[in-house]
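If you read the sequences in order, they're chains V and U.
Start counting the first sequence at 2; every next residue gets the next number (our numbering).
Start counting the second sequence at 35; every next residue gets the next number (our numbering).
Where a beta carbon is used, it is the ideal one built from N, C-alpha and C, also for glycine.
A quick write-up on the structure given underneath.
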Amino acid sequence: MIAIQFNSLFYPGWVAAISFLAVIIFSWLEIRRKQKLLPVRLFAVIVAVVSLSCLTLNPSRTVTKSSDTILLTLNYDAKAMDSLLGKNSNSQLYKLSNVSDPGNAMTINYRDLNELKGNITLLGEGLPDYALDYIDTSAITFVPSVMQEGVTGILPKIYTANQVNSLEGTYFARGPRSLVLKTGDITLDSISVNAGLNSFTLTFTPKTPGRFLYTLAHTDYAGNVIAEQFPLEVKSQQALNILVLNEYPTAETRFLKNYLERQHHKLTLRNKITRDKYRTEFTNTPDVNVSRITENVLRNFDLVVTDIQSLATLSNAEKHALEQSVNEGLGLLTIIDNPAPPQFVSDFLKIRLSRVKSDSASLILNKQRLKIPATAAAISSTQKITDIHTDVTTRALSGYLQRGLGKIGFQLLTTTFSLQLSGREDEYATIWSNVITTLARKERRVYNLEFLSPFPYRIDEPVAFRVIAAGDKPVVTFDSVDVPMFEDAIIGNVWYGKIWASHAGWNTLAIRQDSTQHNFFASQEDEWKSIRTYNQQKSLQRIASKTNSPATITAAQPLPRLMFFVLFLLAAGFLWLAPKL
Amino acid sequence: MKSGITILTTLKQRYVRLRIIETCVLAVAVGVVVYSLLYMLETSTTTRIIAAVVLAIAVFLSRFFQLGLQRISESSVAKFLDNRYPQLKASTDLLLIDGQELSPLAQLQQLQTTANLKSSLNEIRFPNRIAVFTVAALVFMFIAAAVVLNDFRINTNPIPTQTTNPIAQNSITENLPAELKQVKVTVQPPAYTKLPGYSPTDLNLTVQENSRVTWTLDFSDAVKKVLLVSSSKDTIRFQQGNNNQWKLAATLDRNGFYQLAWKDQSAHASDYYKIDIVKDQPPVIKLTNLDQFTQVAYNSRLSVEANPVLTDDYGLTDAYIIATVSKGSGESVKFREEKIRFSNTGKIQGRQLNAHQTLDLKRLGMEPGDELYFYVEAIDNKIPDANHTRTETYFISIPDTAQDVMAADGGLGVDLMPEYFRSQRQIIIDTEKLIREKKAITKKEFGSRSNELGYDQKVLRLRYGQFLGEEAESGVGPVETHADDDKDEHDESKKAADMVKEFGHQHDTENEHNLVEEKDPTKKDVDGGKKENLLEGFIHEHDNEESATFFYQSLKMKLKAALAQMWDAELYLRLYEPEKSLPYQYTALKLLKEISNDSRIYVHRTGFEPPPIKEEKRLTADLNEIFTSRYSYEAIVNKYFPNTVAALQITENALSRQEKVLSTKEKNVLLNSGTELAQAALENPALLRGLTALKTITSADKVVTEDLIALRKSYWLALPKRPASADRNSLTLHALDNKLIQNLSPAQ
């Protein structure tokens, strides 16, 4: 017994009533006509009205189908498909629009994926993240395609100019391969990887800030060189406000001052002449009175560099002001030149010094080994010390403790200027830039935008992002159109949004309230396929479950409407033809 | 016998067949024409075939209906036959009617007509155009075949015509811009080099310094002006010759690069070419077989050979030795300089010269104790200013005959102290060292060293004993402590002091440069072996001569006491008991120090007299006149290549876009970067490609990707590598972060 259900366009009661009326009227009209074949004409009238009404009533019958569905995506394993079909030949075969064969599979769009019911077996590379929203993921089995060779992930990072930056990522190789990072045809760095899933790090030093397209090239098994464009944004460096407190001028401070001056940082250097009388030098910054250290004075600085003696001569009020400012974000760097400083200094810094035999330290910088004089002490503390530079025996030469929002740092290297004198300016710069950047006060931003979709991004595919706000709701614009955002349900002030890249190349998101810009690059369709495949397979494997739904499902299959139309045509045609016969 | 109607039917069929064939042929002809037409218009194959077939079918059908072939019936055939063939007597239509219905006359006529028709069957010809159409079709097919096989196409793109560049011998074979037929370069090195002139084949010139280069340009048409744009000098104009030939001669003396530019209706410029200058090197002098410092003994042959080998790249003009003799020493030294020519050559010329000269020291007037310094100098033939080279100075000395004998006189007492004289302090150090090493060395060694130290102590004692005028026998005995000896002893002490001052070279002293007057040595303890005796200061001992606590007022007494200590020290050293001798040595040292302090005479230092210290002002901790000082300045930092940085970003942006088009503003930035790029190109010629690319990009409308890539590469290479710089990180504090930090703080 075939069950018929109706999926009517209009309320079936009305349709039935109207058709009944129509039958009556047209039959009466026919009877009135004095023509031949009255019974046949009446029959034709009934058929015509019924078929018309069926067109609106849309009857469909329920059929039971096998609930096994096979969805084929790119690069699916044909043998697996055959074996699945062999196990259950009633499985329904679907394929995505970009899969070319087999011919007997029905093509399905991403949007229609919600029609697939039952046990869905996905074969191939998988579906992109936004397509997973459509599909019913309660009973998915995933048979991944063979993993492609190539880059499988790149860590998103902020790159800064004039510093050694590293590009980190993972690479899946079938054999020994080499990766090269180039700009144009100038090679920046290269690395060899072995078979399997490797993580690699390529280092480079961008010379200028801006947006660039580097090339990441790798050779494949056949020796072909595959070059893909890697977009990166290099941000420029911002000037810091640094206060140096000294008892007397030293060569170390002078060289540090020269180094920082050349990079447009603002420096204030206070040397003591006698008690309460100071000589202050201001570079790139207006005069302020720093004879007395108060919170107001310290608020304008990002880092205070001092030494043991200067700390020892600070009054209690000044020490208190320093501590409060560090709590609010200021960085404090103490150059420890005395292995046995006064107790109150150690207490103020909350560190303990223990003596060490050697008064020099070997450290490895920029892949080179250096030996420079260092105070013969080792620092320890009840709090956790984070190292910035260590020597080869893992003794911390520079490090810091976190205090509130700021950091209290120490440095045991007291005569680094000798590096500059011997021409090793790069190593000098590396030591000091690391220390200063880590310790300096961080710039407070009201909004922090982060892209949630992984690299690479494509045209007309959604890019999800999140904004953590420390204030009002952010107004994010893309191509000067406001992007609608929704707030996280549990955590306040965390907003999510989704945009579609409109053109290839660099696209910009801007937050109106603080006029910052965040760029992302939409790559071409055929670039970075290995990353996409890897991510798709990973996310599918995460959601693939082993639960099975029932073996058969019922579905409503509509009766072909063409049949009703043809019936109607025939009936009407006969009625037209009848008087002519 | 066939009936008439059958014949008519046959005829009708024949006619229809004919017409159909004719129509087919026409359709084929049309199809072929259409196909070949579409082929010439370069449409795709499917289009052509479909169009041809469709049109052919259309033509067929239209002609079919035009001819009315569907309506042809036997009656129309009959009508036609009647019209055409009079022998049928216009009665063919009778054949159409059935015989039974006709009258006998008609039947007769019918039979007659049938017979006529049969007989004239062969002559019946239907009108058709088969022949014409067939011929037409054949012709069209032939034309189509010709078109297809010869690939005649109506081209919408112009076929590029080749320009020929006639290249003559010895002229430049690189890619020259249009209209410049030929470039010829001749290089004439400076005359003094005696190199011949030559014509290089490459416009990148590597020439000698100051050589004269002539460029000759041949143009195909007249041009208004021709210029040479170079990096070192300004633009130089060419001189026009005849037949569109332009000439320029210039002297090159600097590295750089140049470009040829000419203007007729528009400006043209060539590529950038390099200029490398080969400088005239100064002459090289090699003096072998001669050390820098030579000593010639007086009794040997007083002559030195100097055989320098002189080489120059283009030629030498002069070479000689400059010799200086110094006589005497100290204040009365005298110098005499002489210029000596080489002996084996007269005039100096040529590229290489093996010179020879023997320096006869006797002829130069040297005596023992004198020294000769000489060096070789050479001058080459560079014009205008020659290069000089001189070697290092060689020293030849004749040592003096008078010999300095190191006298270890043990009693002359006149001279200075001998050099290996060990002072008391040294002996103490050595003794302590010996004691420390006692365990490590053998007993014999220990003993012998101790003995040696004893010997040294003895020598020292004897030295000091000289001042007392004795051979130092006393000192073991009692030492006088009488205070009333003061006066005479004062004189004696002065005498001793004089002696000490004149002959003493005191090592064992403290406060050598002490200006402050010495305090009265009234409280002095002499401890001859006892370590700590707290009651010492309060006990008067007179019995023991050695530890008597009365003061030694006189110098002589002190010296005698010192000698006595030394005696004891030596005793124990010789007895191989250095530990016991040490205390005596310490005492001796102390006494000696006191002695030298006693005998010290202080003299005013001449020269600097510091102003006397104003006690009321100094050390009052008055800080009123000390002011805080402030010093504020802006650091002048050169911005590295600002235009290049901006231009690099523009090139990157252009390369990342799909359509590589540059706006005028961007082109201006690129132009501004040209000067910086040119500067960098002077040092790094690899950047010339970038300069050419820059010129192409800024002057043309369309931008070629290869040029952009080359330009970007040049910008990257031009930018210098700078050391790492400190930076500011950023932070967004969410409300939760604030709470966390607040909750963490009490724990600290």
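Rounded to whole angstroms, what is the Cα-Cα separation between residue i and residue j?
i        : j        : result
U/His50  : U/Glu108 : It is worth fixing the name first, because residue 50 of chain U is Val in this sequence and not His. If you take the alpha carbons of U/Val50 and U/Glu108, they lie about 11 Å apart.
V/Asn494 : V/Gly472 : 8 Å
U/Asp561 : U/Ile463 : Caution applies to U/Asp561, whose pLDDT of 45 falls short of 50 and renders its modelled position unreliable; the value that the coordinates give is listed next. Spanning the two alpha carbons is a distance of roughly 20 Å.
V/Arg353 : V/Thr383 : 9 Å
U/Thr678 : V/Thr387 : 40 Å
V/Ala79  : V/Ile109 : 19 Å
V/Ala322 : V/Glu282 : 22 Å
V/Lys439 : V/Ile389 : Strictly speaking, residue 439 of chain V in this sequence is Thr, with Lys absent from that position. Each residue's alpha carbon lies about 8 Å from the other.
V/Leu73  : V/Glu150 : 21 Å
V/Ser139 : V/Asp527 : 31 Å
U/Glu717 : U/Leu183 : 60 Å
U/Ala202 : U/Thr220 : Residue confidence for U/Ala202 is low, a pLDDT of 38 falling below 50, so the modelled location carries little weight; the figure read from the coordinates is stated next. Each residue's alpha carbon lies about 15 Å from the other.
U/Asp434 : U/Arg634 : 39 Å
V/Asn392 : V/Leu413 : Note that residue 392 of chain V corresponds to Asp in the displayed sequence, not to Asn. Taking the straight line from one Cα to the other gives about 11 Å.
Taking its Cβ as the centre, do 16 or more other Cβ atoms sit within 10 Å of residue i, making it buried, or is it exposed?
i        : result
V/Gly332 : buried
U/Asp310 : exposed
U/Leu722 : buried
U/Lys747 : buried
V/Leu578 : exposed
V/Val152 : buried
V/Pro342 : buried
V/Glu428 : buried
U/Ser334 : exposed
V/Gly197 : exposed
U/Tyr636 : exposed
Got a sec? Which residues, its chain only, sit under 6 Å from residue i by beta carbon, not counting five neighbours each side?
i        : result
U/Asp347 : Gln315
U/Trp296 : Val257, Val260 and His302
V/Pro455 : Asn536
V/Pro60  : Ile5, Phe7 and Leu560
V/Asn339 : Ile309
Excluding five sequence neighbours on each side, which residues of the same chain lie with their C-beta closer than 8 Å to the C-beta of residue i?
i        : result
U/Asn336 : It should be pointed out that residue 336 of chain U corresponds to Leu in this sequence rather than to Asn. Excluding sequence neighbours, U/Leu336 sits near Val330, Asp394, Leu395, Lys396, Met400 and Ile432.
U/Leu122 : Leu115, Asp116, Thr147, Asn150, Leu151 and Ser154
V/Phe11  : Thr57
V/Asp515 : Arg446, Val447 and Tyr448
Whose C-beta lies closer than 7 Å to the C-beta of residue i among residues of the same chain, with five residues either side of it excluded?
i        : result
V/Leu1   : It is not possible to answer for residue 1 of chain V, since the shown part of chain V is limited to 2 through 582.
V/Ala240 : His265, His266 and Lys267
V/Glu296 : Ala322, Gln325 and Ser326
Could you please tell me which residues of the segment 657–671 of chain U, in chain order, have their CB closer than 8 Å to any CB of chain V?
Near chain V, meaning a CB-to-CB distance below 8 Å, the residues of the segment 657–671 of chain U are Leu657, Ile660, Phe661, Thr662, Ser663, Arg664, Tyr665, Ser666, Tyr667, Glu668, Ala669 and Val671.
Per the contact definition of three or more C-beta pairs closer than 8 Å, is the segment 703–710 of chain U in contact with the segment 725–739 of chain U?
The segment 725–739 of chain U vs the segment 703–710 of chain U: in contact.
Inspect the CB distances between the segment 431–445 of chain V and the segment 761–775 of chain U and report whether three or more fall short of 8 Å.
In short, these stretches touch, since the Cβ pair count reaches three.
If you measure beta-carbon to beta-carbon, which residues of the segment 492–525 of chain V are closer than 9 Å to chain U?
Identification of residues in the segment 492–525 of chain V having a C-beta nearer than 9 Å to some C-beta of chain U yields Ile492, Gly493, Asn494, Val495, His504, Ala505, Gly506, Trp507 and Phe522, given in sequence order.
Got a sec: which bits of the segment 718–740 of chain U sit with their beta carbon under 9 Å from any beta carbon on chain V, in order along the chain?
Per Cβ criterion, the list is empty.
Would the segment 525–542 of chain V count as touching the segment 119–130 of chain V if we require 3 or more Cβ pairs under 8 Å?
Counting C-beta pairs closer than 8 Å gives three or more between the segment 525–542 of chain V and the segment 119–130 of chain V, which meets the contact rule.
Decide if the segment 660–668 of chain U is in contact with the segment 273–280 of chain V; the criterion is three or more beta carbon pairs, one per stretch, under 8 Å apart.
With three or more CB-CB distances shorter than 8 Å, the segment 660–668 of chain U counts as touching the segment 273–280 of chain V.
Any C-beta of chain U within less than 8 Å: which residues of the segment 397–428 of chain V qualify?
For the segment 397–428 of chain V, the residues whose beta carbon sits under 8 Å from a beta carbon of chain U are, in order, Arg404, Gly405, Leu406, Glu426 and Asp427.
Between the segment 353–370 of chain V and the segment 395–410 of chain V, are three or more C-beta pairs nearer than 8 Å?
With contact defined as three or more Cβ pairs closer than 8 Å, the segment 353–370 of chain V and the segment 395–410 of chain V are in contact.
Are three or more beta carbon pairs between the segment 52–61 of chain U and the segment 79–99 of chain U nearer than 8 Å?
Short answer: they touch.
Got a sec: which bits of the segment 296–319 of chain U sit with their beta carbon under 7 Å from any beta carbon on chain V, in order along the chain?
Within the segment 296–319 of chain U, no residue qualifies.
According to a CB-to-CB cut-off of less than 9 Å, which residues of the segment 703–714 of chain U neighbour chain V?
The segment 703–714 of chain U vs chain V, Cβ under 9 Å: nothing.
Between the segment 248–265 of chain V and the segment 218–236 of chain V, are three or more C-beta pairs nearer than 8 Å?
By the Cβ criterion, the segment 248–265 of chain V is not in contact with the segment 218–236 of chain V, since fewer than three pairs of Cβ atoms, one from each stretch, lie closer than 8 Å.
Chain V contacts made by the segment 634–656 of chain U, where a contact means CB separation under 8 Å
Under the 8 Å Cβ criterion, the segment 634–656 of chain U contributes no residue.
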